[in-house]
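Protein chains in written order, with the working numbering: chain F, 1313 to 1466; chain P, 1313 to 1466.
By construction, the Cβ of each residue, glycine as well, lies at the ideal position given by its N, Cα and C atoms.
The structure presented is a predicted model; accordingly, all values stated were derived computationally and were not measured.
For reference, the structure is listed below as structure tokens.
There are 2 protein chains.
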Amino acid sequence: MAETVRWLTPEEQRAWRGFVRLQERLGGRLGRRLQSESKVSSADFAVLVHLTDTPDGRQRYQDLARALEWEKSRMSHHIARMAGRGLVVREECPEDGRGAFVVITDAGRAAIEAAAPRHVEAVRTLFLDHVTPAELRVLAELSERVLARMDEEG
Amino acid sequence: MAETVRWLTPEEQRAWRGFVRLQERLGGRLGRRLQSESKVSSADFAVLVHLTDTPDGRQRYQDLARALEWEKSRMSHHIARMAGRGLVVREECPEDGRGAFVVITDAGRAAIEAAAPRHVEAVRTLFLDHVTPAELRVLAELSERVLARMDEEG
DNA sequence: GGCACATGGATGATCCGTCACCCATGCCTA
DNA sequence: TAGGCATGGGTGACGGATCATCCATGTGCC
């Protein structure tokens, strides 16, 4: 029971706390803006973006789940809610009796087309406008490196 | 309706997406570790940290809410749950009939003392170990600047 | 004192995410 | 072809966060 805890140094604390707070507050604001301006949540938005990335606006549950790094359970629940609001529909998969597709509807397309410009604008005014290109590069590299480590470890 | 949306450049996308993902996955892992190893959530942990920062382990709901940047409603619900698990107790405030204190219990102290070393260790191995001091400085400055802007605007 | 308004907190509804588990289909091998 | 495991997805219960609303107490002002 060697009590050798390496507590955070002041600089480490400053960076870590700042990062955590930034994440919380930025995420909160962006989500609330999206919701109130366009009636879609951040999660809805992410799904719709991925669906519009494919030519026919259709994707397998699992592919979507992998792309967004969501659990299949979350995907299932979330798609059910989105389907309830008419943003997407569920479709059976002919080739694989187990599988299913998520397909964006016209209403879904309308929703994301309305939401996207406002969302991008919000990301700019809340975040990007206050960060230099050099800082942005550091942030990107750092994020990718840490994410890669997490992938390796599992 | 001038359609002049300034979409994100590739570098902006890279940084923004990386940042968002990092936040999601890091937060997820840390939370799950805390929960499974020590039976407290990230939110519990934050509350307990702030309580142990005061000499007698007691703080007003509202002060706690301001320190953590939580809504009073969230604080109320969360403290109720923590009280149910015996980590804190609620106490009436003699000077102000409306107010109340949150007080950490022995079980609460035990919980955070058990959780803190593991949590710090996890923050190190998952994040700090893969970030240079220079990057950390950039991250701290950037976070504080953006947070300050958000404060100004309201 | 009596009114309006502010403050501190509680509550119930609703949405979201996770966990544990279930079920059906597909696949592979004995 | 039967048994067993893997895969794709669904479900219910629960903890968690937010919103709108409510209630009691405090405060300022006429």
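Residue burial classification, residue i (beta-carbon count within 10 angstroms, cutoff 16)
i                : result
D1450 of chain P : Note that residue 1450 of chain P is Val in the sequence shown here, rather than Asp. That one is buried.
H1389 of chain P : exposed
A1419 of chain F : exposed
V1458 of chain F : buried
S1455 of chain F : buried
V1443 of chain P : buried
W1319 of chain F : exposed
V1352 of chain F : buried
A1428 of chain P : buried
A1460 of chain F : exposed
Opposing strand residues paired with residue i [DSSP bridges]
i                : result
A1412 of chain P : P:E1404
R1318 of chain P : In DSSP, R1318 of chain P forms no bridge with anything.
R1372 of chain P : P:F1413
Cβ-based neighbour list, residue i, same chain, cut-off 6 Å, excluding 5 preceding and 5 following
i                : result
I1416 of chain P : L1363, G1369 and V1400
7 Å CB neighbourhood of residue i in its chain, flanking five on each side removed
i                : result
A1434 of chain P : L1342 and R1345
Any non-hydrogen atom of the ligand ATP closer than 8 Å to residue i Cβ
i                : result
A1327 of chain F : Absence of the ligand ATP from the depicted structure is noted, as is the absence of any ligand whatsoever, leaving it without description.
Neighbourhood of residue i by C-beta, 8 Å cutoff - its chain only, sequence neighbours within 5 removed
i                : result
R1372 of chain F : C1405, G1411, A1412, F1413 and V1414
L1440 of chain F : L1448
H1431 of chain F : L1342, R1345, L1346, S1350 and F1357
**Q.** Against chain P: residues of the stretch 1443-1458 of chain F by CB proximity under 9 Å
**A.** V1443, T1444, P1445, A1446, E1447, L1448, R1449, V1450, L1451, A1452, E1453, L1454, S1455, E1456, R1457 and V1458
**Q.** contact_flag[the stretch 1350-1358 of chain F, the stretch 1423-1443 of chain F] where n(CB pairs < 8 Å) is 3 or more
**A.** yes
Q: Say whether the stretch 1323-1339 of chain P touches the stretch 1442-1459 of chain F, bearing in mind that this needs 3 or more beta-carbon pairs closer than 8 Å, one atom from each stretch.
A: In short, these stretches touch, since the Cβ pair count reaches three.
Q. Per the contact definition of three or more C-beta pairs closer than 8 Å, is the stretch 1388-1407 of chain F in contact with the stretch 1337-1345 of chain F?
A. The stretch 1337-1345 of chain F vs the stretch 1388-1407 of chain F: no contact.
**Q.** Contact list for the stretch 1408-1436 of chain P against chain F, Cβ threshold 8 Å
**A.** Residues of the stretch 1408-1436 of chain P with a C-beta less than 8 Å from any C-beta of chain F: A1428, P1429, V1432, E1433, V1435 and R1436, listed in chain order.
Q. Residues in the stretch 1381-1399 of chain P with C-beta within 8 Å of chain F's C-beta atoms, listed in sequence order?
A. Here the close residues are E1381.
Q | Contacting positions in the stretch 1356-1384 of chain P - beta carbon closer than 8 Å to chain F | A | E1381
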